[in-house]
Structure formats: C-alpha cells, structure tokens
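Residues 48 to 308, numbered by the working numbering, are exactly what the sequence shown covers, in order.
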Amino acid sequence: VTSDVPEWNYDNNYDNATVLVLKPVKTADKNITLLNETVLYNLTVTNVGDAVYVDNLTITDSFPDGVKYIRTVDVINADLVEGPNSADGNKTVSWVITNIPVGATAVIQVEALAIRFNVQINNETIAYPDGHNTTVNNTIKVLGVDLAVEKSADRKEYFVNDTVVWTIKVSNANNATATAINVKLTDILPAEFTILSYNVTNGTFDLNTCVWTISSMGAGDVETLTIVTRATAAGQFTNHARVTSDVPEWNYSNNYDNATV
C-alpha cells in the first residue's frame, strides 16, 4: 500500500499470504477386471503450488466389499511418515506423507484383489492439517461368470430295461459380458445305465468319458445335454453332474446337481 503523504513507518506496507494447492486423483491400472485378479491403484496428489509441501498429509483409501487390500507397493515423490495403518481389517487403509516437491505428483501404489463381481467404487480421502477433507474415487468393473447345473430324469421310477432320459441344463448368469471359457460338464452316470443316444444344443459330448465340452458361454446362455439310457439293474441310483470353466466364478455352490431314480 502507498499514499501521497509521507509515512514514518514503511515496514508494514507489505504483506502476503501463501496457500499450497494440491490436486488429488485416484486411478487404476485397469477399468475392467476379472474376478480374483489383482488391481494396482495409484493414489496421487500433485503439488501444483509454488512451494514444497512440508506439512503432514493423511491419505485414506476406503475399499468396497468387492475389493480386498493386499499390500502397499511403493510411495513415490514423497516421504512416508507413517503407515500403512488400518483399524478395521483393511477395509480402510491410511498413510501419512510429507515433502512433496513443487510440480511433483506423490503416488501411493496399492495392490488389491477383486473378490466380488459388478461395479466397485474405491474412495481416496485427503485429510489436510487444517481439518478439511477432499475425496476422489475410482470405479472398476469386475466381471465374473456363474455357471449353474440342473439335472433331471423324465420319471422317478422305472422297470429294468426301461428307457431313462436324463436332461442336464447348464446356464451362465453373470453381470456383463464376461464369457465362460472352456466349459466342461462331467456326467457321472451309474454303471447300471447303458447310453443309447445323446443330443447337445452346443459343444461336443465324449461317450467314453461322459464329458460335455462347450467352448464358450456368454451372458444368459443356456445349453442342454440329453442322454437316453437303458436301465440294466434294479435299485436306487443317483446321477451326478458337475460343471467347470477356465474363468473364475463368483458362486460355485450351484456347479453341482444330481437326479435320483
């Protein structure tokens, strides 16, 4: 400040205020992943001001139910004061960093595991020394398949030498475009039944191994295997069926079914 009138003290004619400007961003090395695959998150804070950031900055990563914290890979362009810390079983993990150079981007690299399918939102919260917080997030989509088996017979009771028709349905329920690759259904047919014929809506069936192979099944696909057999002995018999795939599933409880006659 100045004036046309002379002053007796010019020392207080000047003053300034300094603020530090940080820009937080949360990224991942992939936006779409499969179930049980790892994801590398980058928790970043860029110092866009004109001074080194020397205060302690607390960064907290909040993991959704579908993402599991594995480890902290590295801290780049900042000094790690404390962490990683967690008090709730790694649902939230925090670090304290300092000394972010001018124009530099401090990066905390975090490895996590996708444990549930569907959209997963991961939040990064920056806690500043003055008490205010800023939150940014990152969204990934976890793809997974859910193969299910339904096994049935055309009747519950037969006589010896009757024809028994077994029907096996395999379906793929999933959240998006994940495809079940190399689907194999094994039909454990009791020895008391002789196969007369079979039919599949897709894939191939091996009479020697009783393995039905389907190269791929997309979202909502349903395929059917029909096996016509002859009962050669009296008794109670159970036919078991089990399906597998090269792609991890989010639900294995429905991969088995059986029918008893």
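Where a beta carbon is used, it is the ideal one built from N, C-alpha and C, also for glycine.
Taking DSSP as the reference, what is the three-state secondary structure of residue i?
i      : result
His179 : coil
Gly130 : strand
Glu239 : coil
Ala281 : coil
Leu82  : coil
Asn162 : Per the sequence shown, the amino acid found at residue 162 is Ile instead of Asn. Looking at Ile162 - three-state DSSP - the assignment turns out to be coil, as it is neither helix nor strand.
Arg202 : coil
Asp234 : strand
Tyr57  : coil
Thr276 : strand
Asp293 : coil
Ser300 : coil
Asp253 : strand
Val67  : Correcting the residue type first, residue 67 is Leu in the shown sequence and not Val. Coil.
Ser263 : strand
Thr226 : coil
Pull up the CB-CB distance for residue i and residue j, whole angstroms please, since I reckon it's below 8 Å.
i      : j      : result
Glu197 : Asp304 : 6 Å
Tyr245 : Ile274 : 5 Å
Thr172 : Thr107 : 5 Å
Leu160 : Glu296 : About 15 Å separates the two Cβ atoms, so there is no contact after all.
Thr291 : Asn302 : 7 Å
Ile162 : Val114 : 7 Å
Val212 : Asp201 : 4 Å
Leu232 : Arg289 : 7 Å
Val128 : Thr145 : 6 Å
Does the beta carbon of residue i fall short of 6 Å from some heavy atom of the ligand GDP?
i      : result
Ala195 : Looking at this structure, you won't find the ligand GDP or any other ligand, since it has none at all.
Using a 10 Å radius around the Cβ and a threshold of 16 neighbouring Cβ atoms, would you call residue i buried or exposed?
i      : result
Asn94  : buried
Gln167 : buried
Ala306 : buried
Trp55  : exposed
Pro111 : buried
Thr85  : exposed
Leu82  : buried
Tyr116 : buried
Phe206 : exposed
Ala281 : exposed
Lys73  : buried
Thr80  : buried
Val99  : exposed
Ile23  : As shown, the chain starts at 48 and ends at 308. That puts residue 23 outside it, with no answer to give.
Asn89  : buried
Asn219 : buried
Worksheet entry | Stretch-stretch touch, CB-based, cutoff 8 Å, three pairs: the segment 115 to 124 with the segment 172 to 192 | No, the segment 115 to 124 does not touch the segment 172 to 192.
Fill in: Ordered list of beta strand (DSSP E) runs contained in the segment 98 to 143, each at least 3 residues
104 to 109, 114 to 123 and 126 to 132
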